[in-house]
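**Q** Below is a structure I'd like to ask you about.
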Amino acid sequence: MSRIVLLDNEAVQVLGDRTHRQHRRVLDQLQTAGIRTVRGFPVEVAVPTTVRVEAGWDRTSSAWAFVNQLPIADVPLGPKHADAAAGIRKRTGVSVADAHLGSAIQAAGSERVTVITSDPGDMRNLAEGRRVDVVAI
Amino acid sequence: MPGCGRRGVGILPGVSIGATLAAARRRSGMTVGEVSQHTRVTETIIRGIEQDDYAACGGDFYARGHIRAIARAVGEDPVPLIDEFDSTWRSAQELTAAEAFKPAMPIRKRERRRVRWTAFLAVLVLAVLGFAGYKFVAGASRTQHAAAGSHPSPGGPGSAPPASAPAVQGSSAQVSSAPATTAPPASASPIVVQALAPSSVAAFGPEGLANGDDPQGAALAIAGNPARPWISQWYATAEFGALKTGTGLLLDMGRTVTVASVRLSLVSRFGADIDLRAGSKPELAWLPRVASAADAGGTVRLQPGTPVQARYVLIWFTRLPPDNAGTYQASVYQMTVQGHRLPACTTLVWYVSPVPADYTAIDRINELLDSTDPETVNTSMRIPKALREAAALAVSELGVAPSTTALTASALRSMLQGTVMLAVLERHFEKYPELRPSLGDLAIAAAEMDGHPLAQQPELLRRSAAEVQRRHPDASPDDVLLWAEALQSAADQLGAA
Chain X
699 MSRIVLLDNE AVQVLGDRTH RQHRRVLDQL QTAGIRTVRG FPVEVAVPTT VRVEAGWDRT
759 SSAWAFVNQL PIADVPLGPK HADAAAGIRK RTGVSVADAH LGSAIQAAGS ERVTVITSDP
819 GDMRNLAEGR RVDVVAI
Chain U
-15 MPGCGRRGVG ILPGVSIGAT LAAARRRSGM TVGEVSQHTR VTETIIRGIE QDDYAACGGD
45 FYARGHIRAI ARAVGEDPVP LIDEFDSTWR SAQELTAAEA FKPAMPIRKR ERRRVRWTAF
105 LAVLVLAVLG FAGYKFVAGA SRTQHAAAGS HPSPGGPGSA PPASAPAVQG SSAQVSSAPA
165 TTAPPASASP IVVQALAPSS VAAFGPEGLA NGDDPQGAAL AIAGNPARPW ISQWYATAEF
225 GALKTGTGLL LDMGRTVTVA SVRLSLVSRF GADIDLRAGS KPELAWLPRV ASAADAGGTV
285 RLQPGTPVQA RYVLIWFTRL PPDNAGTYQA SVYQMTVQGH RLPACTTLVW YVSPVPADYT
345 AIDRINELLD STDPETVNTS MRIPKALREA AALAVSELGV APSTTALTAS ALRSMLQGTV
405 MLAVLERHFE KYPELRPSLG DLAIAAAEMD GHPLAQQPEL LRRSAAEVQR RHPDASPDDV
465 LLWAEALQSA ADQLGAA
């Protein structure tokens, strides 16, 4: 069974800052994802686009050169995600980025979901009953 | 089967596709066998195509690929031939490449990484197959050399290691040349080669670490002081007075590395026969010879024909140089291993690709993976028939993908993304070594990713990682998880009892 690893705002910022004390932990997750993928157990790493906006991650900026080279997919805020995120935001009062993250968690289908986040409690609320594995940083 | 047994309509009046290709082949002076060798299309298929019989091709998709390959090999423009084939031969039932490569459902959650099965796929397929082919050929080459066994192993009958054929270099006179092995392809060349510091050095004898010469002085062999080298025992003859088969120094690199070459500094100016042996265990039988030098002295460079992956590197003297006292002994004051470190804790399988010297390849792969170019291309990728049937069943019965082509492409894409991830991280770790994870770190990360209860027991995972790695230096994080789970289970059962 495949897995998707989602990054929240803090995880993206930690990834872009090699001096951050949690940088290694996020790298460990990515390394594990890479190893599993090439061994035939695909793990996709993804980030909602609104999380990218909040974190200031510009894929065209040289300031993000290292992160830009990592195969991290965007989860765009298309119509379906926008509808789902609007509902989550209304119910929980979270930020747009977190609501988008919640919609990505809920849209994962049969995939297993891991979220790398600085706020594990929030993520479980956003999942709204869907199983989600949380890596707290 | 589409195209089976049908015979020709001419590409021009009176000239068929097959006749065009046959005429071009004759003009180029090639035999059918040579074309086959060049294109990897079997002679039977080539002969069939030259007679406009496509029955053996396995379908129109493959037939087009064969026509294209043959045309290029014989210097003919394939485009009009393919056009002709499509207009006269193509089965209405067969998918076009565009249809075949088109995902049946939108690729989820992608904008930047939207999949369009375009021209990049063929390039990437060829690149991956080429790389896999190289690894296969290199492996086969090593196996063949091992089977040949032309060089007697100094370890005696019990040690017949799978030595890869060495290429030998040295700065001294009379450095012999050993049988050449398959040279690494251009794609393997941009390895970041650097001096690798060993974890330890030890004297080594025919029975291993137990009977090396001057074990207390082994560290002098990497100290770099010519006035104070490691010196073996002295012997009455260059052949160790018939007392032993050799003597040497074992470098433990700490974990598996890729060894490109080893530079030795000897006090003697000539007379030493030296083997470079490398492997995964500190036992002579597990350390195959990968390079050698004869009558060497001074500075000697031992270079395997292709870089080898090994944790242990053995400098093995099979003939001693003379000393000033009329006896024979070896003296070494510096040893430098050149190579590169592999990603930590990953198995030694083909995906451990060399890190490019720059980011060009990674950038290009990312660019291609991001491409929205709708252009498609046929490929002549061949896969085992059984695998193709398994994939067809998985598609038709299990619905794992909209088509076998989509399944293949999806697997290829996934593999490429994983490989790029590891390559980018490896580059990061080479730049910032303090960030490189241990196997224990990765096992903890794997447990956290899965929400596994063992994530709450990092010490157990680290201990398990150490135990697993001692037995299997190339274990994966998931191997450690299994090991730890087994330990935990055993402990639970003992506790219950």
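If you read the sequences in order, they're chains X and U.
Those letters in the first sequence? Residues 699 to 835, by the numbering used here.
Those letters in the second sequence? Residues -15 to 481, by the numbering used here.
Beta carbons are placed, not taken as given, at the ideal position from N, Cα and C, and that holds for glycine.
Since the model is a prediction, treat every value here as computed from it, not as a measurement.
1. Against chain U, does X:Pro769 count as a neighbour if the rule is that its beta carbon must be under 8 Å from one of theirs?
2. Let me know if U:Ile(-5) comes out buried or exposed under the rule of 16 or more other beta-carbons within 10 Å of its beta-carbon.
3. Is DSSP giving U:Gly189 helix, strand or coil here?
4. So which of U:Gly323, U:Val408, U:Val297 and U:Thr403 has the shortest CA-CA distance to X:Gly738?
5. Please list, in chain order, all residues of the same chain as U:Ala375 whose beta carbon is under 6 Å from its beta carbon, the five residues on each side excluded.
6. Could you name the residues of chain X that U:Pro421 contacts, counting a contact when the two beta carbons are closer than 8 Å?
7. For chain X, is any of its Cβ atoms less than 8 Å away from the one on U:Gln401?
8. Please decide whether U:Gly435 counts as near chain X, where near means a Cβ-Cβ distance under 8 Å.
9. May I ask you to list, following chain order, the residues of the stretch 460 to 472 of chain U that have a beta carbon less than 9 Å from some beta carbon of chain A?
10. Which residues in chain X have a C-beta closer than 7 Å to the C-beta of U:His456? List them in chain order.
11. Name the two residues that bound the continuous beta strand (DSSP E) containing U:Ala277.
12. Just the C-alpha distance for U:Ala55 and U:Ala8, rounded to the nearest angstrom, thanks.
13. Put X:Ile814 into one of helix, strand or coil per three-state DSSP.
14. If we define contact as Cβ-Cβ less than 8 Å, is U:Ala345 a contact residue for chain X?
15. Taking CB distances under 8 Å as the criterion, tell me whether U:His412 reaches chain X.
16. Can you check DSSP and say which residues form a bridge with X:Ala709?
17. X:Arg829 to X:Leu775, Cα distance in whole Å?
18. Residues of chain X with CB closer than 7 Å to the CB of U:Glu432, please, in chain order.
19. Using the Cβ count rule (16 or more neighbours within 10 Å means buried), how would you classify X:Ile702?
20. Considering only residues of the same chain and omitting the five flanking positions on each side of U:Leu233, which have a CB-CB separation below 8 Å?
21. From what residue to what residue does the alpha helix (DSSP H) around U:Trp467 run?
22. How big is the Cα-Cα spacing for X:Glu809 and U:Gln453?
23. Ignore the nearest five residues each way along the sequence and tell me which others in U:Ile428's own chain have a CB closer than 8 Å to its CB.
24. Just curious, the alpha helix (DSSP H) that U:Thr426 is in, first and last residue?
25. I'd like to know if the stretch 704 to 714 of chain X and the stretch 814 to 831 of chain X are in contact, where contact means that at least 3 CB-CB pairs between them fall below 8 Å.
26. Could you tell me the distance, in whole angstroms, from the CA atom of X:Pro746 to the CA atom of U:Leu371?
27. Does U:Asn350 pass the burial test, meaning 16 or more other C-beta atoms within 10 Å, or should it be called exposed?
28. Give the straight-line distance between the Cα atoms of U:Phe45 and U:Asn362, rounded to the nearest whole angstrom.
29. Express the C-alpha separation of X:Gly732 and X:Glu708 in angstroms, rounding to a whole number.
30. When the distance is taken between beta carbons, is U:Ile33 closer than 8 Å to U:Gly2?
31. Tell me whether U:Leu409 sits in a helix, a strand or coil according to DSSP, three-state version.
32. Please state whether DSSP places U:Trp214 in a helix, a strand or coil.
33. If you check the beta carbons only, do X:Val765 and U:Leu406 fall under 8 Å apart?
34. Give me the Cα-Cα distance between U:Lys265 and U:Pro421, rounded to the nearest whole angstrom.
35. Would you mind working out which of U:Asp476, U:His436 and U:Glu469 sits nearest X:Val833, comparing C-alpha positions?
36. The beta strand (DSSP E) with U:Ile258 in it runs from where to where?
**A** To lay it out plainly:
1. The sequence position of residue 769 of chain X within the first sequence is 71, counting from 1. Yes, because at least one Cβ of chain U sits closer than 8 Å to the Cβ of X:Pro769.
2. One-based indexing of the second sequence puts residue -5 of chain U at position 11. Interpretation of U:Ile(-5) is limited by its pLDDT of 49, a score under 50 that renders its predicted location unreliable; the figure taken from the coordinates is listed afterwards. Under this definition U:Ile(-5) is a buried residue.
3. Locating residue 189 of chain U in the second sequence gives position 205, where the first residue counts as 1. Per DSSP, reduced to three states, the secondary structure at U:Gly189 is strand.
4. As a working mapping, residue 738 of chain X is identified with position 40 in the first sequence. Cα-wise, what sits closest to X:Gly738 is U:Thr403.
5. The residue given as residue 375 of chain U occupies position 391 in the second sequence. Same-chain partners within the cutoff: Thr388 and Leu391.
6. Reading the second sequence from its first residue, position 437 is the one you call residue 421 of chain U. Here the neighbours are Arg722, Leu725, Asp726 and Gln729.
7. Residue 401 of chain U sits at position 417 when you count from the first residue of the second sequence. At a cut-off of 8 Å between beta-carbon atoms, U:Gln401 makes contact with chain X.
8. Position 451 of the second sequence, counting from 1, holds the residue named residue 435 of chain U. By this cut-off, U:Gly435 is an interface position.
9. No chain A is present in this structure, whose protein chains are X and U.
10. Here residue 456 of chain U refers to the residue found at position 472 of the second sequence. What U:His456 touches in chain X: nothing, since even the nearest Cβ is about 15 Å away.
11. For the purposes of this step, residue 277 of chain U is identified with residue 293 of the second sequence, where counting begins at 1. Unbroken beta strand (DSSP E) run through U:Ala277: Arg273 to Ala280.
12. For the purposes of this step, residue 55 of chain U is taken as residue 71 along the second sequence, with counting starting at 1. For the purposes of this step, residue 8 of chain U is taken as residue 24 along the second sequence, with counting starting at 1. Whole-angstrom Cα-Cα distance: 8 Å.
13. Taking the first residue of the first sequence as 1, we reach residue 814 of chain X at position 116. Strand at X:Ile814.
14. Position 361 of the second sequence, counting from 1, holds the residue named residue 345 of chain U. Not one chain X Cβ lies under 8 Å of U:Ala345.
15. The sequence position of residue 412 of chain U within the second sequence is 428, counting from 1. So yes, U:His412 belongs to the interface.
16. For this step, residue 709 of chain X is matched to residue 11 along the first sequence. Paired residues: none, contrary to the question.
17. Position 131 of the first sequence, counting from 1, holds the residue named residue 829 of chain X. Position 77 of the first sequence, counting from 1, holds the residue named residue 775 of chain X. Roughly 22 Å separates the two Cα atoms.
18. Mapped onto the second sequence, residue 432 of chain U falls at position 448. Going along chain X in sequence order, the residues near U:Glu432 (Cβ under 7 Å) are Val833.
19. As a working note, residue 702 of chain X is residue 4 in the first sequence. Per the 10 Å Cβ criterion, buried.
20. On the second sequence, position 249 is the one that residue 233 of chain U refers to. If we look at U:Leu233 and ignore the five residues flanking it on each side, its Cβ neighbours are Val185, Ala186, Ala187, Phe188, Gly196, Ala202, Ala205, Trp214, Leu298, Ile299, Val316 and Met319.
21. On the second sequence, residue 467 of chain U is found 483 positions in, with the first residue counted as 1. Where U:Trp467 is concerned, the enclosing alpha helix (DSSP H) stretches over Pro461 to Ala480.
22. Here residue 809 of chain X refers to the residue found at position 111 when the first sequence is read from its first residue. Here residue 453 of chain U refers to the residue found at position 469 when the second sequence is read from its first residue. C-alpha separation (whole angstroms): 31 Å.
23. Position 444 of the second sequence, counted from the first residue, corresponds to residue 428 of chain U. Closer than 8 Å at Cβ, skipping near neighbours: Ala439, Pro442, Leu445 and Arg446.
24. Here residue 426 of chain U refers to the residue found at position 442 of the second sequence. Rather than Thr, the amino acid found at residue 426 of chain U in this sequence is Leu. It spans Leu423 to Asp434 - the alpha helix (DSSP H) in which U:Leu426 sits, taken as one unbroken run.
25. yes
26. Residue numbering aside, residue 746 of chain X sits at position 48 when the first sequence is read from its first letter. Residue numbering aside, residue 371 of chain U sits at position 387 when the second sequence is read from its first letter. Approximately 36 Å between the Cα atoms of the pair.
27. Taking the first residue of the second sequence as position 1, residue 350 of chain U is located at position 366. So U:Asn350 counts as buried.
28. For the purposes of this step, residue 45 of chain U is taken as the residue at position 61 of the second sequence. For the purposes of this step, residue 362 of chain U is taken as the residue at position 378 of the second sequence. Straight-line Cα distance between these residues: approximately 7 Å.
29. Along the first sequence, one-based indexing puts residue 708 of chain X at 10. Along the first sequence, one-based indexing puts residue 732 of chain X at 34. One C-alpha to the other measures close to 21 Å.
30. Locating residue 2 of chain U in the second sequence gives position 18, counting from the first residue. Locating residue 33 of chain U in the second sequence gives position 49, counting from the first residue. Their beta carbons are under 8 Å apart, which means U:Gly2 touches U:Ile33 by this criterion.
31. Mapped onto the second sequence, residue 409 of chain U falls at position 425. U:Leu409: helix per DSSP, three-state reduction.
32. The count along the second sequence starts at 1 and reaches residue 214 of chain U at position 230. Strand, per DSSP.
33. Along the first sequence, one-based indexing puts residue 765 of chain X at 67. Along the second sequence, one-based indexing puts residue 406 of chain U at 422. No. Outside cutoff.
34. Within the second sequence, the letter at position 281 stands for residue 265 of chain U. Within the second sequence, the letter at position 437 stands for residue 421 of chain U. Near 23 Å, if we compare the C-alpha coordinates of U:Pro421 and U:Lys265.
35. In the first sequence, the residue the question calls residue 833 of chain X occupies position 135. The shortest Cα separation from X:Val833 among U:Asp476, U:His436 and U:Glu469 belongs to U:His436.
36. In the second sequence, the residue the question calls residue 258 of chain U occupies position 274. Residues Ala256 to Gly263.
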